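Every letter in the sequence shown is one number past the one before it in the numbering used here, and letter 47, counting from 1, is 40.
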Amino acid sequence: MTTDTNQIAGTASSTRVATGLFALVLGAFFVWGAGFAHSAALHDTAHDVRHAFGFPCH
């Protein structure tokens, strides 16, 4: 039983790079979206998320 370690290492590396780029783009989208969103919309969204997780906020 033989395993080609070059192919395994190459796949893991390219997967990490793709995942990192996706996280970077998603994070930039969230920061940019939050920067241009109306403050009431951000407050309402945070409020709804806190209730969805069962965290008391009142």
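Every residue, glycine too, gets a C-beta built ideally from N, C-alpha and C.
Model, not experiment: these values are computed from the prediction.
Tell me which same chain residues have a C-beta within less than 8 Å of the C-beta of residue i, skipping the five on either side of it?
i   : result
A33 : none
F22 : none
By Cβ distance below 6 Å, which residues in the same chain neighbour residue i in space, the five residues on each side in sequence not counted?
i   : result
R43 : C50
A5  : none
Would you please state the rounded distance, in angstroms, between the beta carbons of residue i and residue j? I believe it to be under 8 Å.
i   : j   : result
A45 : L35 : Actually they are not in contact, since the Cβ atoms of A45 and L35 sit about 16 Å apart, beyond 8 Å.
In whole angstroms, what is the alpha-carbon distance linking residue i and residue j?
i   : j   : result
T38 : A30 : 11 Å
A57 : V24 : This structure does not reach residue 57, given that the chain is present from -6 up to 51, and the question cannot be answered.
A16 : R9  : 10 Å
L19 : S7  : 18 Å
Cutting at 7 Å between CB atoms, please list the residues of its own chain near residue i, excluding the five before and the five after it.
i   : result
H40 : C50
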